[in-house]
Amino acid sequence: MDDSAPLIAQLAHLELLTPRLDESRWFFHDLLGFEESARDGNSIYLRAYEDFYHHTLKLTEAAGPGLGHIAWRTPSAGALETLARRVDAAGLGRGWSDGDHGHGRAFRFVTPDGHPMEALWDVEYYQAPPGQRSQLRNRPQKRPLRGVPARRLDHVNLMARSVPEVRRFFMDVLGFRLREQKIGERGAEIGAWLSVSALTHEVAVMRDGTGAAARFHHVAYWYAYPQHLIDLADLCAEYEVPIEAGPGKHGTTQGLFMYAREPGGSRIELFGDVGYLIFDPEWKTVVWDVTNEADLEKSSIWFGGRLPETFYTYGTPSRPFSAEPGTPPARAGGVSAEKASRPAGGAR
């Protein structure tokens, strides 16, 4: 295998921990139109209507909100074995699991900051029941009639003590490309947006100013139609779902966004469009110097209201692989699991 080829093909799914499993299910199923693929014990498996795999979201009941793991699919079975060797050589491997609903065996690992991840190859594709099969043959099921249905999983955002260390792991070990970057005082790297595809990012890494390790910032699902952000914002206001920021547009990635807190306490981004796509094989990283006032303002918000302080300070902790599903994640950044489980305030 070409040593320069990415060992990751796409973001496959993630597991979020929630102290309010039924309410979290309501948010994703009723408000965002997700379909339930399976249940097992205290976990529910869900997917958006244009996600082709068995699930892209696993909700697991726990004492507090947090990240269970993030899963990536490799481009081949051989790439999975190569990835395992490289990650083990970096000292970050955590061994193999037998798999889960919807996928086969997976190699577990952590980022240098401690975020739990796994890589896999064998997956189960979603098969819609007869009444839900779409005549649009490139759509895995009919568009749901519930809420404002999101279309597919888009990206994840991690908080880290050292952005360069985590960014180098994604680039040097997994083969991601650096698409955009934020530089702060004395040249410190405070944000990185990376991808293995034409998307501007499948993963972003931002500096955790609290000094906490391995916290999770958000997961994003994609709409493609900007109007859907307005429709969803209206429903969030109606049903008292806290909106943290937006709708608005980021300068970085040009993404139209809205951030909300699901009832379990995790931050969820709804992406109104793709922003822009990258096809240039010689792409030069876009660098924002946020010591410059113009870059500071325009990189975060191209238009729309300012991001609140919580956007930079609130994150949910990661659960170590060795912990049982019901174990509360470690306290992180001065936010207890109890406090983190309570979404902050009303709609802004």
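Using the working numbering, you'd call the opening residue of the sequence shown number 4 and step up by one each time. Every residue, glycine too, gets a C-beta built ideally from N, C-alpha and C. Small disclaimer: the values here were computed from a predicted structure and weren't measured.
Please give me, in chain order, every unbroken run of the alpha helix (DSSP H) with length at least 4 that falls completely inside the segment 69-115. 80-92
Secondary structure at GLY329, three-state DSSP: helix, strand or coil? Because GLY329 carries a pLDDT of 47, less than 50, the predicted location of this residue cannot be relied on, and no value is offered for it.
In the DSSP assignment, the beta strand (DSSP E) including PHE260 goes from what residue to what residue? 259-264
Environment of LEU148 [buried if 16+ CB atoms lie within 10 Å]: exposed
Identify every residue that forms a DSSP beta bridge with ALA62. The sequence given here places Leu at residue 62; Ala does not occur at that position. Beta-bridge pairing links LEU62 to LEU19 and ILE47.
So, for THR330: in the same chain, excluding its five sequence neighbours on each side, which residues have a beta-carbon less than 6 Å away from its beta-carbon? Unreliable placement is indicated for THR330, whose pLDDT of 48 sits below 50; the coordinate value is still reported in the next sentence. Correct list: empty, nothing qualifies.
Assigned exposure category for GLN130 - 16 Cβ within 10 Å defines buried: exposed
Closest residue to TYR296 among ALA248, GLU188 and LEU238 (Cα-Cα distance): Per the sequence shown, the amino acid found at residue 296 is Glu instead of Tyr. That would be GLU188, whose Cα lies nearest to the Cα of GLU296.
Determine the extent of the beta strand (DSSP E) in which VAL166 is found, giving its start and end residues. Counting along the chain, VAL166 falls outside any beta strand (DSSP E), though it belongs to the alpha helix (DSSP H) covering 166-171.
Buried or exposed for GLN144, please, with buried defined as at least 16 other CB atoms from any protein chain shown within 10 angstroms of its CB. buried
Any idea what DSSP makes of ILE281, helix, strand or coil? coil
Looking at ALA96: is its Cβ nearer than 8 Å to the Cβ of ALA217? For the record, residue 96 in the displayed sequence is Gly; it is not Ala. Cβ distance not < 8 Å, so GLY96 and ALA217 don't count as in contact.
GLY134 (DSSP reduced to helix, strand or coil): helix
Exposed or buried, ALA51, counting other C-beta atoms within 10 Å across all chains shown (16 or more means buried)? buried
Helix, strand or coil for ARG189 per DSSP? helix
With PHE112 and VAL90 assumed to form a contact (beta carbons below 8 Å), what rounded beta-carbon distance in angstroms separates them? 5 Å
Quick one: any contact between the segment 60-75 and the segment 267-275, if contact means 3 or more CB pairs under 8 Å? yes
Counting Cβ pairs closer than 8 Å, one from the segment 241-248 and one from the segment 192-206, do we hit at least three? no
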